[in-house]
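What follows is a short report on a single structure.
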Amino acid sequence: MASESTRHIKGLSDTIWADFTIWPGFDEASLAPDKLAKFLNRKEAIKAYLSGSKVATIRKEYGISEPQIYRLITERCICDHPDGQIYGWRALIPQIRIVQFKRRTPIVINQWGHGAVGAFQTLLDTYPDVREVLHKKILKVPNTRKKLGMLSISKRSIWLWFLQSLREKGLEIKGEWPFNTKTNGYHSIIKYIDRVLHENPGKAILIHGGNELQRKMQAGDGVDRPVHRPFQRVEMDAHKIDGRFTVAIPLLEGGYQNVLIHRIWVIVIIEVVTRLVLGYHMSLRKEISKEDVLRVIKKSLSPWAKKKLHHTDKDFYIDGAGFPSVLGKQFVGICWDETSIDGALAEKAKVVTEVLKNSVGSILLTPKNSYAIRRTKDDRPFIESFFNKLGIFGFQKISNTTGNYPGATKGRDPIGVAVASEFQYEYAEELLDIIIANYNARIHSRLSGRSPLQYLQYLVLSKTFQPRVIDPQHLDTFFSYRKLCMVKGGLDAGKRPYVNFENGIYTSPILGQRLDLAGKKIWITADSDSDSRVIKASSLTGEHIDNLRVSPPWNRVPHNFETRRLICGLIRQGKFSLQNQQDAVESYIAEVEASGGKFPPHPAYLTARNFLVQSNDTIHQVPDNETIQSDMASNETNKSMESRIIDNTEDNAKSRSTTKNNAASRNKQNIAPHTSDATAHTQNSASLPPRRKAENK
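In our numbering, the protein residues as written are 25 to 721.
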């Protein structure tokens with residue numbers, strides 16, 4: 025029941041604060057016993073007075089007169105507090121200052137430097153123009169976004185300006201405060217600056233941290249958007265590995281040259297509830313592409329297998345290490361509901377919005393359609409914490425690390441270490457797989473003594489969580505996309521019908537005879553992550569026409585559309601020229617390797633080599649029980665192998681003769697000769713990872 029005052033008090037009776045039961049309070053137990061007794065005596069006296077008790081009774085019981093009670097209410101309790109409310113019961117705390125002290129006597133400083141209490145406030149009251157300019161300087165927000173200027177004004181600079189302003193008013197000549205003190209009022213002005221900033225928190229945030237800190241202060245701590253169930257939300261982000269790595273480029277005269285790579289990105293998807301890393305992808309590009317985003321999503325939904333370690337014979341995977349697929353088939357391809365990404369990555373992930381919606385059943389949370397704020401770490405705390413652990417417990421422990429700040433090298437030369445040790449980027453990929461797989465199997469402090477994998481298994485086995493699994497057919501079409509293309513050629517053009525698609529000309533014997541399709545549009549279906557030399561063509565009604573093959577110069581070496589786009593970009597920029605009758609991919613790889621590693625490898629070169637290795641691994645992954653049943657196919661294979669042996673023999677002979685001539689010429693010039701091609705190849709291959717050897721195949 026409300027306890028409203030029965031006495032009329034000016035400034036209180038006609039307001040909402042007439043009910044003293046809603047007055048702001050505080051933790052009374054924090055007061056010392058003597059102060060607490062005095063506070064409670066004042067509080068009970070005011071309650072009795074506002075409830076209508078007799079003044080004589082109050083004076084007899086609490087020892088406080090009516091004028092004193094009235095002053096406590098009007099001059100203290102109903103005064104405005106900095107938090108926007110009244111002081112309330114907080115004003116009754118003994119020795120608490122409510123009203124700013126105002127000096128009424130002249131300032132006389134004694135021989136010990138005392139006697140100037142309230143001098144600064146008196147000075148500002150005397151010169152209000154100085155107060156106004158002082159406030160403007162304290163609350164000035166630096167506008168250095170597009171203009172040249174000071175990032176911030178220091179407190180010392182404001183103090184020096186303040187003294188100069190007072191000199192202009194003649195206070196120094198008169199010997200008045202602050203020029204009659206030892207520190208010239210330095211500590212007083214510093215305290216006043218802090219008080220003004222505290223009274224204006226919005227301006228203080230902009231002054232100290234700019235727009236970035238302002239956005240961070242506006243972002244919540246996640247309390248209002250909790251995750252209630254597993255796989256409700258995942259976080260995806262990209263992280264640049266703090267290290268330097270090399271790539272071995274073959275040389276024409278034999279051997280390899282280790283060349284530094286610009287940077288290595290790793291994209292990770294982590295589940296919020298279980299802290300489980302669902303998948304990752306390592307990219308060698310300078311910036312993350314849409315294909316990289318699709319690959320990490322596909323890997324998060326695909327089975328995982330241990331990598332064969334090339335840099336060591338030991339097995340560094342701990343027991344139970346891996347990703348969700350190691351728990352069983354029912355854990356393969358678990359889908360999620362929301363994908364939270366950074367605003368910078370959102371620009372790359374626009375194309376995967378439909379893929380997430382149709383295949384995974386997930387919506388994309390970006391700064392434009394959710395609570396997230398661009399380039400802030402607070403909206404994705406779990407993946408940012410994981411990246412911190414990835415650096416501290418992983419790559420920052422190796423001598424080729426660059427550290428997480430400019431001075432972290434501590435006199436080391438990460439570039440020199442990477443080149444001297446021939447630390448290949450394949451080793452970084454293997455190390456990354458070990459670190460993440462072991463992380464999923466290690467006990468997490470937030471999961472009640474369980475590892476992320478154990479916690480996921482517990483949730484499923486206890487029927488707390490029923491996983492939603494992706495359709496395998498949808499997984500196969502992750503990188504597939506359709507496009508309407510015009511069939512060109514025909515009788516009027518005097519050419520066989522063909523299609524222009526992704527900087528290539530595609531046709532086939534069947535399409536070449538379909539003159540009725542000339543000038544009409546057909547559907548082209550392609551897979552951006554597979555061999556781009558073959559695409560599928562179908563009519564507008566869905567009827568399959570044929571598989572189209574690309575024409576020169578893209579028809580010889582397996583490659584994907586990403587490699588083709590990168591090479592075409594170099595051609596348009598004039599950095600690479602293509603001669604007639606040359607395969608574009610083969611010619612570009614040869615030109616890079618002919619440079620002798622003088623320049624950093626372009627992403628096009630790294631992408632092309634990676635795709636060749638993947639194609640080679642796919643071809644050789646044939647089950648042991650599969651044999652060639654056709655004698656005709658066997659004979660053709662033997663004939664082709666014989667022809668290859670003959671060609672290789674002739675090439676080796678030419679190579680040996682060339683090597684001998686080169687060696688002789690070097691001897692004449694007193695230069696140590698190279699070994700034969702076979703010896704050089706053997707020596708250099710021994711120091712290379714098997715992945716490099718696979719490229720030679």
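C-beta atoms are modelled at their ideal positions from N, C-alpha and C, and glycine is treated no differently.
Buried/exposed call for residue i, threshold 16 Cβ in 10 Å
| i | result |
| --- | --- |
| Lys84 | exposed |
| Val141 | exposed |
| Pro130 | exposed |
| Ile464 | Here the sequence assigns Asn to residue 464, which means Ile is not the residue at that position. Asn464 should be labelled buried. |
| Lys67 | buried |
| Ala69 | buried |
| Glu192 | exposed |
| Ala614 | exposed |
| His305 | buried |
| Gln109 | exposed |
| Arg114 | buried |
| Asn584 | buried |
| Val376 | buried |
| Ser732 | Because the chain is modelled from 25 through 721, residue 732 falls outside the range shown and cannot be assessed. |
| Met260 | buried |
| Glu315 | buried |
| Gln92 | exposed |
| Glu586 | buried |
| Pro202 | buried |
| Val123 | exposed |
| Gly513 | buried |
| Thr488 | exposed |
| Val317 | buried |
| Ser89 | exposed |
| Asn235 | exposed |
| Ala452 | buried |
| Ala262 | buried |
| Phe417 | exposed |
| Glu378 | exposed |
| Asp725 | Lying before the first or after the last residue shown, residue 725 is absent from the chain, which here runs from 25 to 721. |
| Glu450 | buried |
| Ile40 | exposed |
| Asn167 | exposed |
Short CB-CB distance (under 9 Å) between residue i and chain C
| i | result |
| --- | --- |
| Val384 | Chain labels in this structure do not include chain C; a single protein chain is all it has. |
Within 9 Å, strictly: CB atoms of residue i and residue j
| i | j | result |
| --- | --- | --- |
| Ile321 | Ile407 | no |
| Leu163 | Asn65 | no |
| Ile213 | Trp183 | yes |
| Arg299 | Tyr482 | no |
| Pro582 | Leu602 | no |
| Pro491 | Ile291 | no |
| Leu325 | Val356 | yes |
| Thr549 | Tyr505 | yes |
| Arg466 | Ser475 | yes |
| Trp289 | Lys323 | no |
| Ala561 | Val523 | yes |
| Ile33 | Ile82 | no |
| Val350 | Val297 | no |
| Tyr530 | Leu572 | yes |
| Val258 | Ser386 | yes |
| Ile120 | Lys179 | no |
| Lys330 | Gly344 | no |
| Ser383 | Ile458 | no |
| Arg127 | Ala143 | yes |
Contact belief for residue i with residue j at Cβ below 8 Å, rounded distance in angstroms
| i | j | result |
| --- | --- | --- |
| Phe503 | Trp360 | Going by Cβ atoms, the distance from Phe503 to Trp360 rounds to 20 Å, so no, they are not a contact pair. |
| Arg404 | Ser469 | About 19 Å; that fails the 8 Å criterion. |
| Arg580 | Asn527 | That pair is no contact at about 16 Å. |
| Leu485 | Val511 | Not confirmed; about 56 Å, so no contact. |
| Leu535 | Asp570 | 6 Å |
| Ile460 | Cys509 | Incorrect: roughly 40 Å between the Cβ atoms, too far for contact. |
| Asn208 | Ile133 | Wrong, their Cβ atoms sit about 13 Å apart, outside the cutoff. |
| Phe44 | Leu116 | Rounded, the Cβ-Cβ distance is 12 Å, inconsistent with contact. |
Ordered list of alpha helix (DSSP H) runs contained in the stretch 80–119, each at least 4 residues: 90–96
Counting pairs of beta carbons, one from the stretch 87–103 and one from the stretch 148–162, are three or more of them closer than 8 Å? no
Where in the stretch 474–553 do unbroken runs of the beta strand (DSSP E), each at least 3 residues long, occur, reported from the N-terminal end onward? 504–514, 519–525, 528–531 and 545–551
What alpha helix (DSSP H) runs, 4 residues minimum, are completely inside the stretch 304–333? 314–324
Whole alpha helix (DSSP H) elements within the stretch 191–241, 4-residue minimum: 195–198 and 210–223
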